[in-house]
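Chains as they are written, first to last, in our numbering: chain A, 936 to 1258; chain B, 419 to 675.
Worksheet: one structure, shown below.
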Amino acid sequence: MRRLLAGLAVGSLMVAASACGSSDSGSSDKSSSSGGGTTTVKVGIIPIVDVAPIYLGQKQGFYSKRGLKLEMTTAQGGAAIVPGVVSGQFQFGFSNMTSLMIAQSQNVPVKAVANGIASTGVDGKDFGALTVKKDSPIKSAKDLEGKKVAVNTLKNINETAVRESVRKAGGDPSKVKFVELAFDQMPAALDGGQIDAAMVVEPALATVKSQGAVEIASSLVDVAKDLTVAMYFTSTQYEQQNPELVKKFQEATAESLAYADSHPDEAREIVTTYTKIPAAVLANVVLPKWPAEPNRASIEALMKLGEEDGLFKTTPDLDKLLP
Amino acid sequence: MKGLNAALGAAGLAAFLALGEAVPRLGLVKEDYFPPTSRIAEALWRELKDEVFWTALGDTLTGWALGLAIAVTAGILAGVVISVVPHLREATASTIEFLRPIPSVALIPLAVLLYGTELRSVLLLVVYASFWQILIQVLYGVQDVDPVADETARSYGLGTWARTRHVLWPTALPYVMTGVRLAAAVALILTVTAELVIGAPGLGKNIGIAQASQAVPEMYALLVVTGLLGLLINVGARTVERRVLAWHQSVRGEVAV
Chain A
936 MRRLLAGLAV GSLMVAASAC GSSDSGSSDK SSSSGGGTTT VKVGIIPIVD VAPIYLGQKQ
996 GFYSKRGLKL EMTTAQGGAA IVPGVVSGQF QFGFSNMTSL MIAQSQNVPV KAVANGIAST
1056 GVDGKDFGAL TVKKDSPIKS AKDLEGKKVA VNTLKNINET AVRESVRKAG GDPSKVKFVE
1116 LAFDQMPAAL DGGQIDAAMV VEPALATVKS QGAVEIASSL VDVAKDLTVA MYFTSTQYEQ
1176 QNPELVKKFQ EATAESLAYA DSHPDEAREI VTTYTKIPAA VLANVVLPKW PAEPNRASIE
1236 ALMKLGEEDG LFKTTPDLDK LLP
Chain B
419 MKGLNAALGA AGLAAFLALG EAVPRLGLVK EDYFPPTSRI AEALWRELKD EVFWTALGDT
479 LTGWALGLAI AVTAGILAGV VISVVPHLRE ATASTIEFLR PIPSVALIPL AVLLYGTELR
539 SVLLLVVYAS FWQILIQVLY GVQDVDPVAD ETARSYGLGT WARTRHVLWP TALPYVMTGV
599 RLAAAVALIL TVTAELVIGA PGLGKNIGIA QASQAVPEMY ALLVVTGLLG LLINVGARTV
659 ERRVLAWHQS VRGEVAV
């Protein structure tokens, strides 16, 4: 008994000591530069195909030649990334445009710094699609009135996109029943008939297609031509305090995006290093476009549609948000 | 008796695995979403050969062990102090009952704000969830102290420390060990959940990546690993419990039967 008590006491001391130790080292190497002018920055990302360029760029040395060392921090969704960046746990993050505009309109201090991904802009060949089950009676987005449509997050970019597809097909989007479902659960739900349609992106889209599902609209293409879907961002505070560093990140990311866009095979290859997408699925995945610059006109279109759907309390200030 | 129990346990598991093989094979559920046991086993074998898996397992075990150690230490200390110091029990009772039902996972946004996706985020959730298991058991245990024994010790002139050491602690220990066993299981669940949701390194994060990657057999393989971990932890906790309480009548009685 005495030994147990003594052991517990020693254990707690060690825990306390190691906790202090890790917090010290954690804060010292977080944003301050160490030694030979290399700065380590943490980037909050979602481990999906979209962020392949940043991994590729790191492998190609686009960041290290500018004195940046990236430490990828993966999160399940954007929900953990925005608070992480704003609180300074990560220096940069990856988020879709609607989430960024919602944050900006609520005065959350975020600043987009580099382009993330864009839709391919090709109808029927995009990385995201509005799909229905094989042999479904639903033939166009107009038929979705009164039907259950799954989107990954309600009141966000994919809901906006589906609403626009319904509108363009001559339907009334307010009659569509939206339900929230994670992308990876959509194939089973669609197949099992729990939902009538799903707005799904890669790699789940490849799975859905392999089951013979039918694409009734390329909703992201319906929003705007070459829609900027997501961007890398930082906090306004970090941007003001480290303008040089942000500029370097911007340049390196632009180079990485251009490289990934022109080397799709290498981009596909690097995805296997940070995801578990099976080779057979990866081969069928439609890659997004990775233009080096965001497309402001498309973001404005996305914002207008978002306003129409009541996503923002106040109009987002794109001049403040965009680089 | 013990051998029979083990045999029954193995038979039950074998039947379960066979069912897992048969249900998708018979087409009752789609193989794509619920792979048969053999495909999960294949994926598990691939995982075992992968260095990434072992690093993740290490991270998960670290989070579990550290979290549990902190929770056990803090729970015992807080429990004993609350019981020994006059009126402290009454003063803290409502606060404890207020805090205890708050689900640990509800603290995830707070954890991310404070610590990002580091180990400390995981620890925050694990300690919060398992601390109460220990504390409540300690409080119950102290309540079980025989007043006659306590008064006897008092009349023999034993001080607070000596009474805590010789009367309170032996009485409370069986309760504490129950608390440790419960906390060990809760700590594992919370470690994996935190990794899954926050993205801190570990098995949970790998489960999340497998989910997002449409790698269904790999996802189930990792779930099997967490299940096995839970089983091992439970067996281990029971063994420790028996060793520590070897003198106690509950354990001695068990052996005699």
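Idealized CB from N, CA, C, for every residue including glycine.
Please read all numbers here as calculations on a predicted model, not as lab measurements.
With fewer than 16 other CB atoms across the displayed protein chains lying within 10 angstroms of its CB, residue 434 of chain B is exposed.
Taken atom to atom, the span from the alpha-carbon of residue 586 of chain B to that of residue 560 of chain B is near 6 Å.
Under the three-state reduction of DSSP output, residue 1211 of chain A falls in the coil class, being neither helix nor strand. The beta-carbon of residue 445 of chain B is placed no less than 9 Å from the nearest beta-carbon of chain A. Judged by DSSP in its simplified three-state form, residue 1099 of chain A adopts helix. Restricting attention to A:1186, A:1238 and A:1208, the CA atom closest to the CA of residue 1000 of chain A is found in A:1186. For the segment 493 to 515 of chain B, the beta-carbon criterion of a distance under 9 Å to any beta-carbon of chain A is satisfied by 494 and 495.
Scanning the segment 476 to 542 of chain B from its first residue to its last, no whole beta strand (DSSP E) run of 3-plus residues comes out. Rounded to whole angstroms, the gap between the alpha carbons of residue 1049 of chain A and residue 1060 of chain A is 25 Å. The residue among A:1054, A:1111, A:1110 and A:1134 with its C-alpha nearest the C-alpha of residue 1120 of chain A is A:1134. Contact between the segment 513 to 528 of chain B and the segment 480 to 489 of chain B is not established, with fewer than three Cβ pairs separated by less than 8 Å. Against chain A, the CB of residue 522 of chain B has no partner CB under 9 Å away; the residue lies outside that interface. Two segments are said to touch when three or more pairs of C-beta atoms, one from each, lie closer than 8 Å; by this definition the segment 1070 to 1084 of chain A touches the segment 1142 to 1154 of chain A. At a cut-off of 9 Å between beta carbons, residue 627 of chain B contacts chain A. Cβ-Cβ distances below 6 Å link residue 1114 of chain A to 1083 and 1085 in the same chain, with the five nearest sequence neighbours on each side left out; the list follows chain order.
Residue 1005 of chain A carries a strand assignment under DSSP once its states are collapsed to helix, strand and coil.
Looking at the backbone, the Cα of residue 1254 of chain A and that of residue 652 of chain B are separated by about 57 Å.
Given a length threshold of 4 residues, each whole run of the alpha helix (DSSP H) inside the segment 574 to 622 of chain B is given here in chain order: 578 to 581 and 587 to 616. Taking 9 Å as the cut-off, the Cβ atoms of residue 658 of chain B and residue 598 of chain B count as close. Note on geometry: alpha-carbon atoms of residue 1216 of chain A and residue 1208 of chain A lie some 15 Å from one another.
In this structure, residue 1026 of chain A sits away from residue 986 of chain A, with a CB-CB distance that is not shorter than 9 Å.
DSSP links residue 1134 of chain A through a beta bridge to A:1065. The count of Cβ pairs closer than 8 Å, one atom from the segment 1095 to 1104 of chain A and one from the segment 1178 to 1196 of chain A, stays below three, leaving the stretches out of contact. For residue 1047 of chain A, the beta-bridge partners assigned by DSSP are A:1168. It is roughly 37 Å from the alpha-carbon of residue 607 of chain B to the alpha-carbon of residue 1046 of chain A. One thing to note: residue 454 of chain B has its Cβ within 9 Å of the Cβ of residue 440 of chain B.
Only buried fits residue 1154 of chain A, as 16 or more other CB atoms lie within 10 angstroms of its CB. In this chain, the beta strand (DSSP E) harbouring residue 1151 of chain A covers 1149 to 1152.
Around residue 449 of chain B, no beta-carbon contact reaches into chain A at under 8 Å, the shortest distance being about 12 Å.
If you check each beta-carbon in the segment 1020 to 1051 of chain A against every beta-carbon of chain B, the ones closer than 7 Å belong to 1022, 1024 and 1025. For residue 652 of chain B, the uninterrupted alpha helix (DSSP H) run begins and ends at 634 to 662, by DSSP. When rounded, the separation of the alpha-carbon atoms in residue 1160 of chain A and residue 1055 of chain A is 9 Å. Proximity to residue 1022 of chain A across B:567, B:494, B:533 and B:501 peaks at B:533, based on C-alpha coordinates. Nearest to residue 648 of chain B by C-alpha distance, out of B:562, B:545, B:668 and B:479, is B:479. Taking a C-beta distance under 9 Å as the contact criterion, residue 1032 of chain A and residue 1092 of chain A qualify as a contact pair. The C-beta separation of residue 531 of chain B from residue 1018 of chain A comes to about 5 Å, placing the pair in contact by the 8 Å criterion.
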